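First the structure, in the form of structure tokens, and then the observations on it.
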Amino acid sequence: MAARFFLGWSFFILFLSTVPQTCCDEVQFQAGHSATSMSLGTSAAEQRYLLYDVNPPEGFNLRRDVYIRMASLLKTLQKTSNWVLVLPPWGRLYHWQSPDIHQIRIPWAEFFDLKSLDQNIHVIEYEDFLAESGGPFIEQVYVLQGYAEGWKEGTWEEKVDQRPCIDQLMYSEDRNGYYRGWFWGYEETRGHNVTCLSVQGSASVIAAMLLKNTTARSIMLDRAENLLHDHYGGKDYWDTRRSMVFAKHLRVIGDEFRAKVLQSNDNADKTIFHEDWKKVKGKPGPALGGPYLAAHLRRKDFIWGHREDVPSLRKAADEIHKLLKKLKLNKVFVATDADQEDLQELRKQIPEMVRFEPTWEELELFKDGGVAIIDQWICAHARYFIGTSVSTFSFRIHEEREILGFEPKTTYNRFCGDKEKNCEQPTHWKIVY
Ligand SMILES: Nc1nc2c(ncn2[C@@H]2O[C@H](COP(=O)(O)OP(=O)(O)O)[C@@H](O)[C@H]2O)c(=O)[nH]1
Ligand SMILES: [Mg+2]
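According to mature numbering (1 follows the signal peptide of the UniProt record, and there is no 0), the sequence shown holds residues -24 to -1, 1 to 409 in order.
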């Protein structure tokens, strides 16, 4: 369960090099915004932009979790003034390795339904921010980090302080005094100020700072995963999670596959879906799911470290066969990031295995992120699901099934490692409406 509060790689990778603090809070020049609007300071009605990014090695599904934290922060800010969350373009993700496909500067609309997101908090794509705010300038970049001294046991408190940067700063000053950095692959984007903030606490802990200590209209929180959830599993968490409806074109492909290959459709499966997520208030239980077992077998970096909670292919195949027999099913849909060699082995061990295998054209169209979503969508509609220990990819499937109204025992299951003694099963998180 502790893994659900996993802070990400940053937690483990500690750079000790200290870089002098780079900038100042003072706003010298309001790039991209008219002088008149700024000289008057920011009024309550004036639009302010919250941008963010996450530690580069983090994958798609932890990033989805960070979005939920940012949405809570936005709701807090919104109580005082007019804010919009600028959706960080997708790209350069470690796991998106399909060759010859352009996978940066991907707008959120390729993966999620923007209208649904916008029904929860006000969001815009980065391209809209560029058009609306007057150019590729972000007035204030805050790089979030922990406290160099860590925290003493028993003295946990929520706090935020301007501190010298602990890690090597991923921004450098150009000859005009602007800060250049990754900025989601938008080379022309520049930051005006870059400051490091040590944070300890939930997302909204930083709200007062953004409201009182700066008049910048566009503020980016880099390494936003350093902020925790305001209330994991609470109403606000679930509102945001429910609003993260997958883009329709991906759902359609997933549904076609369900119908053609797995004889699965919403009517027969008793899975409810409504384009307006606010109208869905499922209780656990009524959903039956399609006549297939679904398994998420996370490999790659999960097996490189020889983790004892991740099974060998043989053990996974045995478990799948046991489940098929027990559930009286004869089809198993497998979602996996296994390499070709492992896939071959899997096909040998599980001849009845069904997979979603995109054509090259489909892959180019949906990209690795879209294909992963289609896999998740199909897993979410199965009669029974079994996933991989502490994989956020599996966790997001749990949530999707919870929204669809499945009985918890058909969802919160995971494979056990070959020699794992205490194979604790995933925690059930109930939706709060
Ligand atoms: N298509 C597909 N991709 C997967 C699957 N499992 C893992 N991946 C890819 O590997 C990434 C795993 O990283 P992440 O989303 O952080 O999940 P986690 O590392 O399992 O917690 C996903 O985002 C996908 O790009 C799978 O079953 N199907
Ligand atoms: Mg990951």
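C-beta atoms are modelled at their ideal positions from N, C-alpha and C, and glycine is treated no differently.
Predicted, not measured: the structure shown is a model, and the values here were computed from it.
- Put simply, of I97, G67, D89, R275 the residue whose alpha carbon is nearest the alpha carbon of K55 is I97.
- E201 and F36 have their C-alpha atoms some 13 angstroms from each other.
- In terms of side-chain proximity, the C-beta atom of L38 is found nearer than 6 angstroms to a non-hydrogen atom of ligand 1.
- Every beta strand (DSSP E) of 3 residues or more that sits fully in the segment 288 to 328 is shown, in chain order, as 308 to 312.
- R45 and K324 have their alpha carbons spaced roughly 42 angstroms apart.
- Where Y102 is concerned, the enclosing alpha helix (DSSP H) starts and stops at 102 to 109.
- Per DSSP, the continuous alpha helix (DSSP H) segment holding C355 begins and ends at 336 to 356.
- Counting of Cβ neighbours within 10 angstroms places P262 among the exposed residues, the total staying below 16.
- When secondary structure is reduced to three states using DSSP, I82 falls in the strand class.
- In the three-state DSSP reduction, K135 falls in the strand class (E or B).
- Distances taken from the Cβ of F222 to the heavy atoms of ligand 1 include none shorter than 6 angstroms.
- Inclusion of M185 and V119 in the CB contact set at 7 angstroms is not warranted, their separation being larger than that value.
- Annotation for E101: V62, L63, P65, P83, W84, A85, L90 place their beta carbon closer than 8 angstroms to its own, counting only its chain and skipping 5 residues before and after.
- Taking C-alpha positions only, K385 is separated from F361 by approximately 9 angstroms.
- Following the DSSP letters along the chain, one finds H225 inside the alpha helix (DSSP H) bounded by residues 224 to 238.
- Closest option to A271, judged by alpha-carbon separation, among E134, W72, Q352: Q352.
- Per DSSP, the continuous alpha helix (DSSP H) segment holding T52 begins and ends at 36 to 54.
- Judged by their CB atoms, L226 and G346 are nearer to each other than the 7 angstroms cut-off.
- Annotation for N169: the continuous beta strand (DSSP E) segment containing it runs 166 to 176.
- Judged by their CB atoms, G381 and G258 are nearer to each other than the 7 angstroms cut-off.
- Each residue's CA atom was taken as its position, placing C392 and L273 some 11 angstroms apart.
- For P267, the secondary structure class from DSSP, reduced to helix, strand or coil, is strand.
- The alpha-carbon separation between R193 and E22 amounts to approximately 8 angstroms.
- Ranked by Cα distance from K254, the options S92, D150, S178, K301 are led by S92.
- Secondary-structure assignment with DSSP links V286 through no beta bridge to anything.
- In the three-state scheme derived from DSSP, where H, G and I count as helix and E and B as strand, L187 is classed as helix.
- For secondary structure counted as the beta strand (DSSP E) over 3 or more consecutive residues, the segment 113 to 157 holds these complete runs in sequence order: 113 to 121, 135 to 138.
- Using a C-beta cut-off of 8 angstroms, the segment 284 to 304 makes contact with the segment 314 to 328, since at least three inter-stretch Cβ pairs fall below that distance.
- Around the beta carbon of N398, a 10 Å sphere encloses fewer than 16 other beta carbons of the protein chains shown; the residue is thus reported as exposed.
- Relative to the Cα of R199, the nearest Cα in the group S370, A314, N58, V30 belongs to V30.
- Here S57 really is in contact with L187; their C-beta atoms are around 7 angstroms apart, less than 8 angstroms.
- For D252, there is no enclosing alpha helix (DSSP H), as DSSP gives it neither H nor E.
- Q116 and C141 do not touch by the CB rule: their CB atoms are close to 15 angstroms apart, not below 8 angstroms.
- The same chain holds no residue with a CB closer than 7 angstroms to that of K128 once the five nearest residues on each side in sequence are set aside.
- In the three-state scheme derived from DSSP, where H, G and I count as helix and E and B as strand, G381 is classed as coil.
- One thing to note: R283 has its Cβ no nearer than 7 angstroms to the Cβ of A314.
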